[in-house]
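Everything below concerns the one structure shown next.
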Amino acid sequence: MPAKREFRGVRFLLFDIDDTLFPSSEFAKKARKNAIAAMLSAGLPADANSVSAALREIICKKGANNQEHFDLLCKKLKCKNPAKIIASAIRAYHDTKRQIAPYPRVSSLLAKLRKRGFVLCVATEGIAKKQWDKLIRLGLQDSFDSVFISEELGLNKSPNFYLRICRALGAKPSTCAMIGNHPVLDVLSSRKAGMVAIRVLKGKHQKEKCNSDFAVRNISEVGKLPILK
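In our numbering, the protein residues as written are 1038 to 1266.
In structure tokens:
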């Protein structure tokens, strides 16, 4: 059960992007599947299951933000015509990117919260260009007062990351609420910094247990929480 804490005067709302504003895990799965299909069509001499397993291994080792996944995959599989195969994968991946969209009612939620007087911010971990690309493709680039990205702050998501944001906003941690899906990066770290933690139960971590102050199944439910009324 979430630990009960008393918070009053929450004014600043910080939102994660991935699996909070849009279903990034579902998108990534679909994009990689389409990229693999394109590689096979371009002549990659392998089957979909073995290519998928090799790609997962590379992503696990190099991280999701590494920009050479397909290059490394071709090297691992000893492709004879890597340029064509890599280009096919990149094309399919970026074609899938055009299909991303926010979770239902995200735009209306943000508009309502802004109307109530909340300061809306993004607090996300990742490469700045990639995270901004997501916001722009989602049509949410103008929905926030401030955008804080780990690469630009020089800090991974941790209590210090959130305290740095508080200083930038001129806000006390107790007046800030972090809204995100990750049990450690979004919930535990923001709580340790003294913020309210609102967990969105989406993405690959949704079944993991952690103590949040509030939890919602869908981000559209955030506006109904008593602390934000």
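Think of the CB as a built atom: it goes at the ideal place given N, C-alpha and C, for glycine as much as any other residue.
Sub-7 Å separation of residue i and residue j beta-carbons
i, j, result
"V1143", "L1058", "yes"
"I1073", "A1085", "yes"
"V1233", "A1214", "yes"
"I1202", "T1161", "no"
"A1208", "E1189", "no"
"K1149", "G1260", "yes"
"K1171", "I1256", "no"
"D1056", "N1218", "yes"
"K1113", "A1083", "no"
Residue i, DSSP secondary structure in three states
i, result
"G1100", "coil"
"I1256", "helix"
"R1174", "helix"
"F1150", "A quick correction: the sequence has Leu, not Phe, at residue 1150. Three-state result, L1150: helix."
"L1238", "coil"
"L1058", "coil"
"F1064", "helix"
"E1105", "coil"
"H1219", "coil"
"Y1130", "helix"
"P1166", "Per the sequence shown, residue 1166 should be read as Lys rather than Pro. The answer is helix: DSSP assigns K1166 an H, G or I state."
"R1045", "coil"
"K1112", "helix"
"K1246", "coil"
"N1086", "helix"
"S1195", "coil"
"M1038", "Reliability fails at M1038, whose pLDDT of 42 lies under 50, so the model's placement of it is uncertain and the value that follows must be treated cautiously. Correct three-state label for M1038: coil."
"R1135", "coil"
"A1079", "coil"
"N1071", "helix"
Beta-bridge partners of residue i, as assigned by DSSP
i, result
"S1183", "C1158"
"L1262", "According to DSSP, L1262 bridges with nothing at all."
"V1233", "A1214"
"L1050", "L1157, A1214"
"F1251", "I1235"
Beta carbon proximity, residue i to chain B, threshold 7 Å
i, result
"L1206", "Annotation note: the requested chain B is absent from the structure, which comprises a single protein chain."
For residue j and residue i, believed in contact at Cβ under 8 Å, the rounded distance
i, j, result
"I1216", "F1044", "Contact flag wrong, Cβ pair sits at about 14 Å."
"L1050", "F1155", "5 Å"
"F1064", "I1137", "5 Å"
"P1141", "L1177", "Not really, about 14 Å apart at Cβ, beyond 8 Å."
"K1167", "N1102", "7 Å"
"A1230", "L1192", "About 12 Å separates the two Cβ atoms, so there is no contact after all."
"I1235", "V1221", "Not quite, the Cβ-Cβ distance comes to about 15 Å (not below 8 Å), so this is no contact."
beta-carbon residue i near the ligand ADP non-hydrogen atom, thresh 6 Å
i, result
"K1112", "No copy of the ligand ADP occurs in the structure displayed, which carries no ligand at all."
_Using 8 Å as the cut-off, can you tell me whether the segment 1239 to 1251 makes contact with the segment 1075 to 1085, which would need three or more C-beta pairs spanning the two stretches below that distance?_
Counting C-beta pairs with one atom in each stretch, the segment 1239 to 1251 and the segment 1075 to 1085 have fewer than three that are closer than 8 Å, which means they do not touch.
*Any 3 or more C-beta pairs closer than 8 Å across the segment 1114 to 1125 and the segment 1174 to 1182*: By the Cβ criterion, the segment 1114 to 1125 is not in contact with the segment 1174 to 1182, since fewer than three pairs of Cβ atoms, one from each stretch, lie closer than 8 Å.
*asked:* Count Cβ pairs between the segment 1245 to 1259 and the segment 1126 to 1136 that sit closer than 8 Å; are there 3 or more?
replied: No, they do not touch.
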